[in-house]
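Encoded as structure tokens, the structure appears first; notes follow it.
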Amino acid sequence: MAKLIYANNISLDGYIEDERGNFDWGISNDETYAFWTGFLRPIGTYLYGRRLYENMVYWETADAGGDQPEIKQEFAQTWRAAEKIVYSRTLQEVSSASTRIEREFDANAIRMLKETSVADITIGGPELAGQAMSAGLIDECHLLLNPIVLGRGKRALPDNLSMRLELLGERRFQGGVVHLHYRVIV
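Just so you know, we're using the numbering used here here: the sequence shown kicks off at 16 and counts up by one.
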């Protein structure tokens, strides 16, 4: 059975985007790109909310001109290799291969996906991930904690959620980023 993994860059105060909806405050360097590429390589399916998908779809054509550094080309190739499911009531069409739209979150459908998938699944977008957390579907969390305080924005974890986690590992990166790997305790 596949694991459902919540993975995200977050600020020290727990936000995934700033008050203007920007993600550009995260520390991106060769070391963190290599980490995310290695992390995503074995993943079979990405589950996205609309906003996160709209940001990530950049990687569908990011290396088309060949002007990207090799580390970003590898990330783009890894991103394109996985299946993608976008949860949105408003998105009319997708602009990446191997991608489909689902209109509603369906916990039973995700349970079935976990049972039938041979590779692990990631979930991104705090609202979508929050629904999966509330339904008890998340198996692990991988958080890249960035040394920045945003003060406000979109929270990485929903309010009124209670989960116990076991720390499985941590790693420090250049620039003060820390990877925290947790397993959800059932």
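We put the beta carbon where it would ideally sit given N, CA and C, even for glycine. Please read all numbers here as calculations on a predicted model, not as lab measurements.
Buried or exposed by the 16-neighbour rule on C-beta atoms within 10 Å, applied to residue i
i: Arg66; result: buried
i: Gln189; result: exposed
i: Pro57; result: exposed
i: Gly191; result: exposed
i: Met148; result: buried
i: Ile125; result: buried
i: Thr131; result: exposed
i: Tyr68; result: buried
i: Ile31; result: buried
i: Ala91; result: buried
i: Leu182; result: exposed
i: Ile153; result: buried
i: Leu128; result: buried
i: Gly139; result: buried
i: Tyr21; result: buried
i: Ala122; result: exposed
i: Gly143; result: One detail in the question is off: residue 143 reads as Leu in this sequence, not Gly. Buried, by the Cβ-count rule.
Residue interval of the alpha helix (DSSP H) (run including residue i)
i: Thr93; result: Glu85 to Ala96
i: Glu46; result: Asp45 to Leu55
Opening and closing residue of the beta strand (DSSP E) in which residue i lies
i: Asn70; result: No beta strand (DSSP E) contains Asn70, which is instead part of the alpha helix (DSSP H) from Arg65 to Met71.
i: Asn161; result: Glu155 to Asn161
i: Lys18; result: It is not in any beta strand (DSSP E) - Lys18 carries neither H nor E in the DSSP assignment.
Beta-ladder partner(s) of residue i, from DSSP
i: Tyr202; result: Because the chain here runs from 16 to 201, residue 202 falls outside it and cannot be looked at.
i: Asp33; result: Gly168
i: Val192; result: Note: Val192 sits in no beta bridge, so no partner.
i: Gly139; result: Tyr63
i: Ser26; result: Asn161
i: Ile42; result: According to DSSP, Ile42 bridges with nothing at all.
i: Ile100; result: Leu62 and Arg115
Checklist entry - Do the segment 35-46 and the segment 152-168 make contact, defined as three or more Cβ pairs closer than 8 angstroms? => result yes
Checklist entry - Counting pairs of Cβ atoms below 8 angstroms between the segment 175-193 and the segment 94-101, do you hit three or more? => result no
Checklist entry - If you scan the segment 102-136 from start to end, which runs of the alpha helix (DSSP H) of 4 or more residues do you find wholly inside it? => result 122-131
Checklist entry - Any chance the segment 80-87 sits against the segment 107-115, with 3 or more Cβ pairs inside 8 angstroms? => result no
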